[in-house]
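Add 1477 to a position in the sequence shown, counting from 1, and you land on the number used in this note's numbering.
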Amino acid sequence: MIDSLEPQNGQVISIANPEAEDGETIHCNHRWRRRQPSLSVLVPTYKDSADQLIAALGACKRAEDIEIIIYDDGSNDPALSVRLRESSEMFPGAACLVTNSRNLGRAAGRNRLEALARADWQLFLDADMVPDDEDFLVRYFNQIEEDCTPRLIVGGFSLNLTPHSRDTDLNRAQSEHSECLPASVRNEHPGRYVFTSNVLAHRHIMMMVPFDPGFSGWGWEDVEWGIRTADQFPVIHIDNTATHLGLDTTENLIRKYESSGENFWRTVSLHPDVMTDTPLYRMARLFSNLPGRGLVRELTRIISRSPNWIAPRSVRLLALKTFRAAVYGGVRNGRA
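This is the structure in structure tokens:
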């Protein structure tokens, strides 16, 4: 049985199913052995279903030219596994679902996806993202077919298709202010605006600049990776957005901020030249030396949770930013 194909550039691409590592179960659709992908779409997930993303990618032009690999990082949810497997079977291109019984973490999961990818160009998409239009893949293909030089291409972030909800209005306001930015703005600080929810990288970059497995839990591993990548390779921002469907409630945001302080300070220690210039660092450092930090933290927590009739959204957003800085300031001195 033939287990590989020889593409024009001379690179041998395996058509056999990937070999599972300890704790993994792997299922590939019937197109896996029939398709030679020009682009690998890599989707890490943890307790999020990627079925909307898979369906949306399947409706995009040139979907048959890609492979999609979903890595379930220890969700241990049989119903979710069934949905992902069914969606993979319906995808018009090659698709593979890798389910791990253990949670490796965001950085390690992305590194594993890179190792599984068969194409030189690898598009990372979060499971709760969907392309904004059917030309989404075409724009990325245009970029890599016009210039095959290894580089990082960041498509951008939108809320165009995200339903409005009172429960997630604060995360929406935050995203609109700091993440849903045009390429012209992002290109002013290219390394700082690398969000791995929608980013295309050449395999050479992923081999030279892997994600740092020293990060644990949520947050900052993509920012740190973007900074390291920008030091070694071109980072280009284009307007090729995908919508973030999975906005967080205020309670979820608060929990994430409370758990991400160590990752923030790890990023600062690794890249002080970049991070010490950010407003968040300056605020967190100020709070680290402030005796009343705990009072400020709890007050801003309350304001962030308040309904709009008590505190306008702009006030709640400011309170949430201050809360995060106060939490990070406490972590800096080893105090909650």
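Backbone N, C-alpha and C define an ideal beta-carbon position, used for all residues, glycine too. Model, not experiment: these values are computed from the prediction.
In chain order, what residues of the same chain have a beta carbon less than 6 Å from the beta carbon of residue i, not counting five sequence neighbours either side?
| i | result |
| --- | --- |
| arginine 1812 | Confidence is the limiting factor: at arginine 1812 the pLDDT is only 44, short of 50, which leaves the residue's position unreliable and the question unanswerable from this model. |
| proline 1789 | none |
| threonine 1673 | Phe1601 and Asp1699 |
| aspartate 1525 | Ala1604 and Asp1605 |
| histidine 1504 | Arg1562 and Leu1574 |
| aspartate 1549 | Thr1522 and Thr1576 |
| glycine 1696 | Ser1737 and Asn1740 |
| isoleucine 1704 | Gly1668, His1748 and Val1751 |
I'd like to check one pair, residue j with residue i: are the Cβ atoms closer than 8 Å?
| i | j | result |
| --- | --- | --- |
| alanine 1678 | leucine 1602 | no |
| serine 1565 | alanine 1532 | no |
| valine 1745 | glutamine 1709 | no |
| valine 1751 | leucine 1629 | no |
| valine 1792 | isoleucine 1779 | no |
| alanine 1584 | leucine 1530 | no |
| proline 1690 | glycine 1582 | yes |
| arginine 1801 | tyrosine 1758 | no |
| threonine 1645 | aspartate 1754 | no |
| threonine 1727 | arginine 1782 | yes |
| leucine 1730 | asparagine 1648 | yes |
| asparagine 1588 | glycine 1551 | no |
| histidine 1692 | arginine 1743 | It is phenylalanine, not histidine, that sits at residue 1692 in the sequence shown. Yes, the pair counts as a contact, with Cβ atoms nearer than the cut-off. |
| valine 1520 | alanine 1527 | yes |
Only counting the same chain, and skipping five residues up and downstream in sequence, which positions put a Cβ closer than 8 Å to that of residue i?
| i | result |
| --- | --- |
| phenylalanine 1618 | Ser1515, Leu1516, Arg1539 and Asp1542 |
| threonine 1706 | Leu1629, Gly1668, Val1671, Ala1678, Ile1682, Val1686 and Val1712 |
| proline 1816 | Nothing about residue 1816 can be reported from this structure: the residues present for the chain run from 1478 to 1813 only. |
| tryptophan 1509 | Ile1492, Asn1494, Glu1544, Ala1571, Ala1572 and Cys1573 |
| valine 1607 | Gln1529, Leu1530, Ala1533, Leu1638, Ala1719, Thr1720 and Leu1722 |
| threonine 1799 | Met1760, Val1773 and Thr1777 |
| proline 1569 | Arg1508, Gly1535, Ala1540 and Glu1541 |
| histidine 1654 | Leu1794 |
| asparagine 1506 | Ser1565, Glu1566, Phe1568, Ala1571, Ala1572 and Cys1573 |
Less than 8 Å between the CB atoms is what I'm expecting for residue i and residue j, so what's the real figure, rounded?
| i | j | result |
| --- | --- | --- |
| histidine 1714 | asparagine 1664 | 5 Å |
| leucine 1561 | isoleucine 1547 | 6 Å |
| glutamate 1501 | valine 1575 | 6 Å |
| arginine 1455 | glycine 1807 | With the chain covering only 1478 through 1813, there is no way to say anything about residue 1455. |
Kindly indicate which residue of the options has the alpha-carbon position closest to the one of residue i.
| i | options | result |
| --- | --- | --- |
| leucine 1590 | Asp1554, Glu1698 and Phe1688 | Phe1688 |
| methionine 1760 | Val1804, Gly1694, Asp1725 and Arg1782 | Val1804 |
| proline 1640 | Met1606, Leu1722, Asp1699 and Trp1695 | Leu1722 |
| tryptophan 1598 | Ile1621, Arg1511 and Asn1766 | Ile1621 |
| tryptophan 1702 | Thr1726, Val1676, Leu1724 and Asp1725 | Val1676 |
| glutamine 1651 | Asp1499, Ala1796, Val1808 and Val1631 | Ala1796 |
| glutamate 1498 | Arg1579, His1654 and Tyr1523 | Arg1579 |
| glycine 1694 | Pro1784, Gly1586 and Asp1612 | Gly1586 |
| valine 1615 | Arg1512, Ser1552, Ala1536 and Pro1555 | Ala1536 |
| alanine 1596 | Ser1635, Asn1588 and Gln1513 | Gln1513 |
| tryptophan 1786 | Pro1768, Arg1732, Val1662 and Arg1643 | Arg1643 |
| aspartate 1609 | Glu1623, Ser1635, Cys1625 and Val1631 | Ser1635 |
| phenylalanine 1613 | Arg1511, Val1631 and Cys1625 | Val1631 |
What are the residues that DSSP puts in a beta bridge with residue i?
| i | result |
| --- | --- |
| methionine 1606 | His1721 |
| threonine 1502 | Thr1576 |
| alanine 1571 | Glu1544 |
| asparagine 1675 | Leu1602 |
| leucine 1519 | Ile1546 and Phe1601 |
| valine 1826 | Because residue 1826 is not part of the residues shown, which for the chain are 1478 to 1813, the question remains open. |
| serine 1552 | Looking at the DSSP assignment, serine 1552 forms no beta bridge with any residue, so it has no partner. |
| serine 1635 | Thr1720 |
Give me, in chain order, the residues of the same chain whose beta-carbon lies closer than 7 Å to that of residue i; leave out the 5 immediate sequence neighbours on both sides.
| i | result |
| --- | --- |
| proline 1627 | His1679, His1681, Ile1682 and Phe1710 |
| asparagine 1810 | Ser1765 |
| glutamate 1496 | none |
| leucine 1747 | Glu1701 |
| aspartate 1554 | Lys1524 |
| proline 1784 | none |
| glutamate 1611 | Ala1536, Cys1537 and Lys1538 |
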